[in-house]
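Chains as they are written, first to last, in this note's numbering: chain A, 1 to 104; chain B, 105 to 275.
Note that CB positions come from ideal geometry on N, CA and C, so glycine has one too.
Just so you know, these numbers come straight off a predicted model, no measurement behind them.
Accompanying notes for the structure given below.
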C-alpha cells in the first residue's frame, strides 16, 4: 500500500473542479465556457473512480456512473457546439454578452 | 516516498497546471491544446489507479472526440491566432475569490470527514466484469441505463443535425 490515499485524489479533483468554475465565471467566450464545463465534468469523474477504488471496491457503481457521465458529456458537447455554430451564423459572434436578444 | 507516489504527484501537477493554463491563456487555440493535455493527465491518473478501461475510454472519447470537435468549432467561429478580449478585472477578482473560497471550504470538509469504506473483497475492474455488469438484467446490472443512454445519444445526434442544418434558400 502506498502513501497516496483517497484524500490526495480528492484534493486533485477539488482543485480541478474550482479551476473549471473560475474559467466558467471569468470567460465570456462560449467555447471557453464549454471547455470549463468539460474540466468540471472530468473532476467529477475522477471523484467517482477514486471512491469506487478506495471505498466501495466490492461494487462497480462509480465506474458505471463515470461511463455514463462520459457518454452524456459527449452528447452535451455535440449539441452545445451545434448551437454555438448556429448562433455564430446569425450573430457573427460567440460572446455571451452579444447574445442578448431575449433580454427584456 | 516510492516511485508510485512520485508518478502520482507528477500526473496531478501536470493535470492541474494544464487545466489552469487552459482557463487563463488569452489565445483560444492554445487553450484547447492545454485542455487536451489536462484530459491526457486525467487519463494518466486513471491508468495509475489501474482502471485501464476508463482510461482508454477517456482517451478515445475526450481526447479523440470532444477536443477535436472543439478545435473544429474554433476554426469555424474564430480567426486563428487572434487574442480574446481581456476579461474585466472585477470579473477576474470575483471569479477568483469564488473559486478560492469554494476550494478552501470544500477542502476543509473533505479533510475533516472520516470516510468509511467496505471491507469486503473487491471486484477486479477488467473488461469482462464491466461487460457482464453493463448488459446484465439482474440485481447489479446496468442494462436499463445503457438503453436510456443510447436513446439519448440518438436524440442528441438528430438534434445536432436539425440545429446546425442550413435553411434552404427560398426560390
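Requested in this report: Using the DSSP secondary-structure output, state which residues sit across from residue 131 of chain B in a beta bridge.
Outcome: Paired residue(s): B:187.
Requested in this report: Taking the CB atoms as reference points, tell me whether residue 170 of chain B and residue 86 of chain A lie closer together than 7 Å.
Outcome: Cβ atoms of residue 170 of chain B and residue 86 of chain A: not closer than 7 Å.
Query raised in the report: Roughly how many angstroms separate the alpha carbons of residue 25 of chain A and residue 216 of chain B, rounded to a whole number?
Result: Taking the straight line joining both Cα atoms gives about 28 Å.
Query raised in the report: Which residues in the same chain have their Cβ closer than 8 Å to the Cβ of residue 129 of chain B, if we skip the five residues on either side of it in sequence?
Result: Within the same chain, and ignoring the five residues on either side of residue 129 of chain B in sequence, the residues whose Cβ sits closer than 8 Å to its Cβ are 135 and 138.
Report task. Please compile the residues from chain A whose C-beta is within a distance smaller than 8 Å of the C-beta of residue 139 of chain B. Result -> Those are 35, 38 and 39, listed as they occur along chain A.
Query raised in the report: Looking at the C-beta of residue 190 of chain B, does it have a partner C-beta in chain A at a distance below 7 Å?
Result: It does not; no Cβ of chain A falls within 7 Å.
Report task. Helix, strand or coil for residue 230 of chain B, going by three-state DSSP, please let me know. Result -> Residue 230 of chain B falls in the coil class under three-state DSSP.
**Report entry** Between the CA atoms of residue 225 of chain B and residue 143 of chain B - distance to the nearest angstrom
**Finding:** Between the C-alpha atoms of residue 143 of chain B and residue 225 of chain B there is a straight-line separation of about 31 Å.
Query raised in the report: Is residue 101 of chain A helix, strand or coil when you go by DSSP?
Result: Residue state, collapsed to three classes: coil.
Query raised in the report: DSSP puts residue 29 of chain A in a beta bridge; with which residues?
Result: Beta bridge pairing from DSSP links residue 29 of chain A with A:95.
Query - Collapsed DSSP secondary structure at residue 223 of chain B in the structure displayed - result: Residue 223 of chain B falls in the coil class under three-state DSSP.
Report task. Spell out a yes or no on whether the segment 160-167 of chain B and the segment 66-79 of chain A are touching, meaning 3 or more CB-CB pairs, one atom from each, closer than 8 Å. Result -> With a cut-off of 8 Å, the segment 66-79 of chain A and the segment 160-167 of chain B count as touching, because enough Cβ pairs lie within range.
**Report entry** Host alpha helix (DSSP H) of residue 249 of chain B (start-end)
**Finding:** Counted as a single uninterrupted DSSP element, the alpha helix (DSSP H) harbouring residue 249 of chain B occupies residues 247-268.
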